[in-house]
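A quick write-up on the structure given underneath.
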Amino acid sequence: METTTTAPQPKAATMSARKPIVNDFSIQIATVNGSGSQTSNMVLMRTIFQMGVPVSGKNLFPSNIQGLPTWFTIRVNKDGYVGRKKEIDFMIIMNSETAEEDFLTTEPGGAILINDMIKVKSTRADVTVYSVPFAKIAAECCPEAKLRKLVVNMIYVGVMVYLLDLDLSESEKALSKQLKGKAKAVELNKAAIRAGFEYAKTNLPKMDPYRVERMNKTQGKILIEGNAAAALGACFAGCTIFAWYPITPSSSVGDAMTDYCKRFRHDKKTGKPTYSIIQAEDELSAIGMTLGAGWAGARAMTSTSGPGISLMAEFVGLGYYAEIPAAIWDVQRIGPSTGLPTRTGQQDITFALNLSHGDKRHPLLLPGSVGECFEFAQAMFDLAERAQTVVFVLSDLDIGMNIWMSDPFVYPEKPYDRGKVLSKAELEKIGKFERYRDVDGDAIPYRTLPGTEHPLAAYFTRGTGHTEKATYSERPDDFVRNMDRLSRKWETIKKLVPAPVVDPVAGAKIGIIAFGSTDQSIRECRDQLAREGNLETSYLRLRAFPFNEEVKQFCMAYDRVYVVEQNRDGQMYDQLCLELRGDCGRLRTVRHYNGFPIDARYITDRIKEQEAGKPYVPMSSIAARSARKDRESD
Amino acid sequence: MPEAPAKPSPAPKVNRIGLEKKVYEGSESTLCSGCGHDSITAHIISAYYDLGVDPYRVAKFSGIGCSSKTPAYFIARTHGFNGVHGRMPSVATGALVANRTMHGIGISGDGDTASIGLGQFCHLIRRNIPLVYIIEDNGVYGLTKGQFSATADLGTKMKGGKVNEYSPIDCCALAIELGCGFVARSFSGDHKQMPAILKAAFSHKGTAVIDVISPCITFNNHEGSTKNYQAARDNDIPLHEIGYTPYFAPITVDYPEGSTIEVTLHDGSKLALKKLARDYNPTERMQALTVIEEGHRQGKYMTGILFIDPKKQDFQTLEGLPEEPLVSLTQDQVRPGREALEQVMEELR
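For the protein sequence lines, the chains are P and A, in the order given.
Quick note: the first sequence, position 513, residue 1139 per the working numbering, numbers continuous.
Quick note: the second sequence, position 100, residue 91 per the working numbering, numbers continuous.
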């Protein structure tokens, strides 16, 4: 049947004659959550990584513990473009519930590895199908019947090692690493990999074009998820109080924090922990503990997600007004209300920066990589303690819970900035202290810590109106002076937050502004625009709010500036409009908010459309279906 | 004629750490004249002075309400944190875990504790954070002009004439049920019992809940209220006499019915309880709950130390935290070395 797709229609006989596609494809593994597939997924991904080819691993999991469909996507890309790719080239079907849809959504010209016990009604002539008797192979390589379920997924690793031409010894190395040397488990799974490999070698003629060839683009790099990087960063940044309440997708920050601190945070002499991790009864308590600890002089933080931020609103206002250091790590998910807890987005921007009633604003840090998750942990505490305020870090599920490649983290040399705290000796010397007096002109007063043994030290912290001396006041002039000083403090904060990363391109007429996890896809998009549309772009990646002057300067240098973000309402676009005021006409918007990480092609298409004069349209109006579905509707 | 040598002015009275009582005072109260809370404040000042507590080691906490204003009225040279309604426990937890050398005192009211704050109250006790938690209980939201509180007794009449028909939350019974290691009840006008209970509470290492009936002059001290001065005086049943002897005076212990139980508190100071009630044992939970229940049935307040468990370990001890407070740790003490980071990087390669 003739179609209008751009992909060729390979026939079975000529499949193997197709030009090999090396180090540039995506693999999606469809399994059931709770079946141990994560280990197998990681072994497969690590094997490719160890062969020097850039990879990323993304989880698409349900808000459930066991028994529902889950997908893991490995993107393999020789150029290092590892942002999400919508198209799936190699589908591994291990779950009958989603098999039909998985079968149909595989890219034309792609390949499918399917458990032979799964029957699919549809047929296709444009994909290679490898049907493998997993149960039979499991029975042969695993004598203990009750362990067979656990090794079934590992068998597909062996099959893929053969089909993709991976190095078997690398896969065994990856297995050892993944199972952290648990000898018995390693042996069992190794047998499963070999069994899969041998079966494929004997029974599966290579009919698909996908192959992996050794490169050296991952030399020295690590694989880590953002939440673990954040916890590692906080551990090294001297966090002493971590108060939290579990919530998807931030819980692994707390788990990783527990692990790392247990390993590395003990007093050298006494062996006692130099931290306390407190699991609060809810998020109100978590932020309360964080503020109480910050007030007492600890580097304190909490980690949460959108619904938790909602609960923290009242306390954050107190933190702002009473000027108490506190750090909140928000791993964003989507939706108002409970929403979609296991889907990613960048939807808390407006909320976080404005959190609480009354006039107030909070700084936001916007990490764009796992490396920045590590770095920004210290930046967050330094800023909170220097500025004596509540600081948000807006991470998201894509960075936090997916597996990213990174250069190894650099050991932090920068000394901790503990901010303006007066000791007993300093009080003796100065002979005066007023908690909310701006003495240095930066609008940041000095504070003292409870337990400071000097009669001048004490003051009363309150959320009510106060004077410079921290005494209670309802006077209008006291209130206005205090509020205006807090505004001036905001100007100081602009100089303290991380600057944007700018890549200006000579001759570019348009600019792109983005932040956070969109970075990977932006890079690929810029390349696509240059190649396909001859359109050069400059790129500014925001790393914090408030914006500094560079942001306005960037916008003013281009005819049109595309603000790319993962929320429905253009939250960052709005903030940039406020920043540019009358000059905001040059801003354009690209919004992606279906819960999947944004892909480069989406951005490229939206920019091309708007450059061609078409208006912005909401996501549901866009035909963002796979080529297969487009063919169906033709 | 030579002048008589000037009489030396009498040395000001000081406590055992050399401080005058006025050091333990704060700013002037803005509460209504005659408010029970001011009596409690006076007892707090006396208790700290008598015990010779170092003001620099004290941290004051409160929520929102009339009672929550009172930390400003004692020990001016101590840091205080007046937070948000019902959430004092979490702030105190964070602060006291960050700096375990601070002696925490928290002042709350019945609305702050038994309504909005009920959840945090329970979890504070569950963790056994070492905080002296005083509920200045007037059975009514005094500050917001006269709504009933969750501790208001059945049958209490409000100033407007409306009658409370809901069962009260008994914070002491709740605390005992949750495993609190020190639970007491008193009355703000009891000038003998209050200081003794406070001193015992200050020496307790863990959460110490004291429910103090403190009649609201403006909204609750009228006929028909079961928490007014007259009602309390009429119905007050002291459980036992309490004598508090500081650390350096020895006390004998004798358990059987009708005699004294000596309880050794954590810092070595001793508490003598004289049993007036038959079979009453303040270390026996079920007995304490029964006594409270009986009191409710008789419409009377059982006052005194209802329950005490001095051996119960506080949160910081259970967590194995270092003696040196976390807030004092230097960068060198907390930042792991290069090898640690390299170890993790190697695991992830």
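Cβ atoms here follow ideal geometry from the backbone N, Cα and C, with glycine treated the same way.
Quickly, what does DSSP pair residue i with across the bridge? List them, please.
i, result
"Thr1262 of chain P", "Here chain P comprises residues numbered 627 to 1260, so residue 1262 of chain P is not present and cannot be evaluated."
"Leu990 of chain P", "P:Phe1018, P:Phe1171"
"Gly97 of chain A", "A:Phe52, A:Tyr124"
"Gln658 of chain P", "At residue 658 of chain P the sequence reads Val, which differs from the Gln that was named. Answer by DSSP bridge pairing, in chain order: P:Pro695."
"Ala1051 of chain P", "According to DSSP, which records beta bridges pairwise, Ala1051 of chain P is partnered with nothing at all."
"Thr1163 of chain P", "P:Ile1136"
"His892 of chain P", "P:Pro899"
"Leu112 of chain A", "It is worth fixing the name first, because residue 112 of chain A is Phe in this sequence and not Leu. BP columns for Phe112 of chain A are empty, so no partner."
"Asn73 of chain A", "P:Arg1088, A:Ser53"
"Val957 of chain P", "P:Ser1021"
"Glu16 of chain A", "A:Phe65"
"Asp650 of chain P", "P:Asn703"
Alpha carbon to alpha carbon, how far is residue i from residue j?
i, j, result
"Val1047 of chain P", "Val1065 of chain P", "13 angstroms"
"Ser963 of chain P", "Ala912 of chain P", "20 angstroms"
"Asn1193 of chain P", "Gln972 of chain P", "6 angstroms"
"Asp258 of chain A", "Ala175 of chain A", "Low local confidence applies: a pLDDT of 32 at Asp258 of chain A is under 50, so the model's placement there is unreliable, and no value is given."
"Thr308 of chain A", "Gly897 of chain P", "14 angstroms"
"Gly102 of chain A", "Ala141 of chain A", "7 angstroms"
"Gln1146 of chain P", "Gly709 of chain P", "5 angstroms"
"Ile1229 of chain P", "Lys1178 of chain P", "22 angstroms"
"Lys762 of chain P", "Ser652 of chain P", "28 angstroms"
"Ala656 of chain P", "Leu944 of chain P", "47 angstroms"
"Gln635 of chain P", "Asp752 of chain P", "Any reading at Gln635 of chain P needs caution, since the residue's pLDDT is 41, under 50, leaving its predicted position unreliable; the model's value is listed next. The alpha-carbon atoms of Gln635 of chain P and Asp752 of chain P are separated by roughly 6 angstroms."
"Glu727 of chain P", "Val746 of chain P", "9 angstroms"
"Pro1041 of chain P", "Gln322 of chain A", "8 angstroms"
"Pro1038 of chain P", "Arg1044 of chain P", "15 angstroms"
"Ile647 of chain P", "Leu937 of chain P", "50 angstroms"
"Pro186 of chain A", "Arg1061 of chain P", "33 angstroms"
"Ile299 of chain A", "Ile125 of chain A", "16 angstroms"
"Glu1079 of chain P", "Tyr886 of chain P", "35 angstroms"
"Val325 of chain A", "Phe862 of chain P", "8 angstroms"
"Tyr40 of chain A", "Gly965 of chain P", "55 angstroms"
"Glu338 of chain A", "Gly74 of chain A", "44 angstroms"
"Ile345 of chain A", "Ala869 of chain P", "Nothing can be reported for residue 345 of chain A: it is not among the residues displayed for chain A, which extend from -8 to 340."
"Tyr1242 of chain P", "Asp1024 of chain P", "25 angstroms"
DSSP three-state label for residue i, please.
i, result
"Pro933 of chain P", "helix"
"Tyr1188 of chain P", "strand"
"Thr1093 of chain P", "coil"
"Pro875 of chain P", "coil"
"Thr968 of chain P", "strand"
"Tyr567 of chain P", "Outside the shown range of chain P, which is 627 to 1260, sits residue 567 of chain P, and nothing can be said about it."
"Tyr124 of chain A", "strand"
"Tyr238 of chain A", "Low local confidence applies: a pLDDT of 28 at Tyr238 of chain A is under 50, so the model's placement there is unreliable, with the coordinate-based value given in what follows. If DSSP states are grouped into helix, strand and coil, Tyr238 of chain A belongs with coil."
"Ile819 of chain P", "helix"
"Ser682 of chain P", "strand"
"Leu134 of chain A", "At Leu134 of chain A the pLDDT is 44, less than 50, meaning the model places this residue with poor confidence; the figure from the coordinates comes in the next sentence. Residue state, collapsed to three classes: coil."
"Asn667 of chain P", "helix"
"Pro1034 of chain P", "coil"
"Ser24 of chain A", "coil"
"Glu851 of chain P", "strand"
"Met743 of chain P", "coil"
Quick one: measure Cβ to Cβ for residue i and residue j, integer angstroms, because I've assumed they're closer than 8 angstroms.
i, j, result
"Thr930 of chain P", "Tyr901 of chain P", "Not confirmed; about 19 angstroms, so no contact."
"Gly1026 of chain P", "Gly1239 of chain P", "Gly1026 of chain P to Gly1239 of chain P, Cβ: 38 angstroms. No contact."
"Pro899 of chain P", "Gly311 of chain A", "7 angstroms"
"Val838 of chain P", "Leu790 of chain P", "5 angstroms"
Taking 7 angstroms as the cut-off, is the CB of residue i close to at least one heavy atom of the ligand SAH?
i, result
"Asn659 of chain P", "Although the ligand SAH was asked about, the structure shown includes no ligands whatsoever."
If you measure beta-carbon to beta-carbon, which residues of the stretch 909 to 921 of chain P are closer than 9 angstroms to chain A?
Those would be Leu910, Ser911, Ala912, Ile913, Gly914, Met915, Thr916, Leu917, Gly918, Ala919, Gly920, Trp921, in chain order.
Using a Cβ cut-off of 7 angstroms, which residues of the stretch 307 to 324 of chain A contact any Cβ in chain P, in chain order?
So the list reads Glu310, Gly311, Leu312, Pro313, Leu317, Val318, Leu320, Gln322, Gln324, given in the order they occur along the chain.
Given a limit of 7 angstroms on CB to CB distance, which residues of the stretch 783 to 817 of chain P reach chain A?
Listed in sequence order: no entries.
Against chain A, which members of the stretch 879 to 912 of chain P pass a CB distance test of less than 8 angstroms?
Flagged, chain order: Tyr886, Arg889, Phe890, Arg891, Asp893, Lys894, Thr896, Lys898, Pro899, Thr900, Tyr901, Ser902, Ile904, Ala906, Glu907, Asp908, Leu910, Ser911, Ala912.
Select from the stretch 1060 to 1076 of chain P all residues with a C-beta closer than 7 angstroms to any C-beta belonging to chain A, and list them in chain order.
Taking 7 angstroms as the Cβ-Cβ cut-off against chain A, the residues of the stretch 1060 to 1076 of chain P that qualify are Leu1075, Pro1076.
Identify each residue in the stretch 87 to 98 of chain A for which the Cβ-Cβ distance to at least one residue of chain P is less than 9 angstroms, and report them in chain order.
Of all residues in the stretch 87 to 98 of chain A, the ones placed with a Cβ closer than 9 angstroms to any Cβ belonging to chain P are Leu87, Val88, Ala89, Asn90, Thr92, Met93, in chain order.
Identify each residue in the stretch 164 to 177 of chain A for which the Cβ-Cβ distance to at least one residue of chain P is less than 9 angstroms, and report them in chain order.
Taking 9 angstroms as the cut-off between beta carbons, none of the residues of the stretch 164 to 177 of chain A comes near chain P.
Tell me which residues of the stretch 922 to 942 of chain P have at least one Cβ-Cβ distance to chain A shorter than 9 angstroms, keeping chain order.
So the close ones are Ala922, Gly923, Ala924, Arg925, Ala926, Glu940, Phe941.
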